[in-house]
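First comes the structure, then the notes that go with it.
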Amino acid sequence: MRKARNTSNQVATPQQQTCVIYIRVSSKEQQQEGFSLDSQLKFLIDYARSKGMQVINTYMDVESAKAAGRTEFGHLVEFLRQQQLLPSASPRCQTVLVEKTDRFYRNVQDLVTVRGLGVEVHLAKEGVIMAPDARSHEKFVHGLNVLLAERMVNNLSEETTKGMLEKAQQGIWPSQAPIGFLNVEGQNRKRIIIQDPGQAPLVRRLFEMYAVGIYSLKDACRVAADIGLRHRRSGNKLTKSALHDLLNNPIYYGDFFWKGVLYNGSHEPIISKELYDKVQAALNKRSKIGRAHV
């Protein structure tokens with residue numbers, strides 16, 4: 006996600022209407038011409054100029070498949086709420102410029118929130134201005150458009166879930182690669198996982214060590230830290246819980262669970278099924294010892 010920024014160093018004149026801009030794309034759309042933040046921003050700045058408005062802030066969100074939250078939308082709402090608290094004699098910003106309905110609203114709750122702010126929303130590409138005093142018919146039509154936008158979001162989510170299930174059924178791990186693997190583009194442009202040349206040997210070494218049966222998870226955590234096996238993104242050390250999940254994950258010998266179902270993976274395994282079974286026996290043994298001391 007990207008944070009709000011001031012888009013002009015100019016100061017609005019007392020007669021000049023001020024506004025803020027909100028733009029949004031998904032990570033995938035960001036790569037496509039016509040969907041980028043820059044193209045939306047240029048369009049809306051030109052729109053503001055044509056209307057004689059002064060843009061004082063821009064809020065921009067980039068949503069990924071893993072993080073679809075709209076942090077900057079929340080900041081925009083908070084800014085507009087603060088504007089309502091200003092003394093009546095003070096100039097207030099009560100105008101929002103967006104490209105179109107589905108760039109701004111994702112569901113009816115968003116519509117309710119925005120209407121409660123009493124602001125004027127310009128849907129620039131649609132040629133629509135929704136003001137607090139709009140006629141009931143205009144609000145009705147606008148509400149229908151928001152419902153359609155929500156339907157598109159829900160449909161996209163359903164299609165994504167369906168696509169991930171289809172990949173799992175084909176033996177392709179459909180999500181972020183776990184420690185020891187990397188996501189790459191395979192045949193037919195499908196994302197697959199392959200062994201991480203740096204981490205895969207460390208994962209194998211950890212399995213081999215724990216299979217001996219004399220080490221605790223605490224010992225394994227210390228060894229993982231010593232050999233440099235950490236969370237890929239954060240760089241944090243593996244906790245006992247994370248390490249237990251790793252050692253208990255069948256993806257390392259070639260199978261994987263998706264939505265509670267075990268699938269036979271098409272990826273190259275890091276360890277053998279025999280080594281995995283030895284580790285499970287060691288985990289069970291340590292678990293029984295722990296319960297016996299309770």
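Residues 6 to 299 in my numbering are what the sequence shown lists, from first letter to last.
Glycine included, each C-beta is placed from N, C-alpha and C at the ideal position.
A quick note: this is a predicted structure, and the numbers were derived from the prediction, not measured.
Query	Result
Residue environment, residue 137, which counts as buried when at least 16 other CB atoms sit within 10 Å	exposed
The region 24-32 contacting the region 46-62, beta-carbon criterion three pairs below 8 Å	yes
Neighbour-count burial assignment, residue 111, 16 or more Cβ in a 10 Å radius	buried
Check whether residue 280 and residue 216 have beta carbons under 7 Å apart	yes
Buried versus exposed, by CB contacts within 10 Å (16 or more), residue 185	buried
Buried versus exposed call for residue 124 [16 or more other C-beta atoms within 10 Å across all chains shown]	buried
Whether residue 256 touches residue 209 by CB criterion (7 Å)	no
Minimum C-alpha distance to residue 182 - residue among 212, 249, 284, 204	204
beta-carbon residue 135 near the ligand NAD non-hydrogen atom, thresh 6 Å	Within the structure as shown, the ligand NAD is missing, as the structure has no ligands at all.
Coil, strand or helix - residue 267 by DSSP	strand
Length at least 3, wholly inside the region 152-232: the beta strand (DSSP E) runs in chain order	186-190, 196-200
The region 220-232 contacting the region 245-256, beta-carbon criterion three pairs below 8 Å	yes
Residue-chain proximity (residue 90, chain B), Cβ-Cβ < 7 Å	Within the model displayed, chain B is absent; a lone protein chain is all it includes.
Cα-Cα separation, residue 192 to residue 171	15 Å
Residue 50 to residue 174 span [Cα, whole Å]	47 Å
Residues bridged to residue 28 [DSSP beta-bridge criterion]	65
Residue 106 (DSSP reduced to helix, strand or coil)	helix
Integer Cβ distance of residue 57 from residue 21, believed to fall under 8 Å	7 Å
Residue 50, enclosing alpha helix (DSSP H) - first and last residue	42-55
Endpoints, alpha helix (DSSP H) assigned at residue 128	From DSSP, residue 128 is part of no alpha helix (DSSP H) but of the beta strand (DSSP E) over 125-128.
Where residue 250 sits in the DSSP three-state scheme	helix
Pick from 235, 263, 130, 254 that is closest to residue 47, judged by C-alpha positions	130
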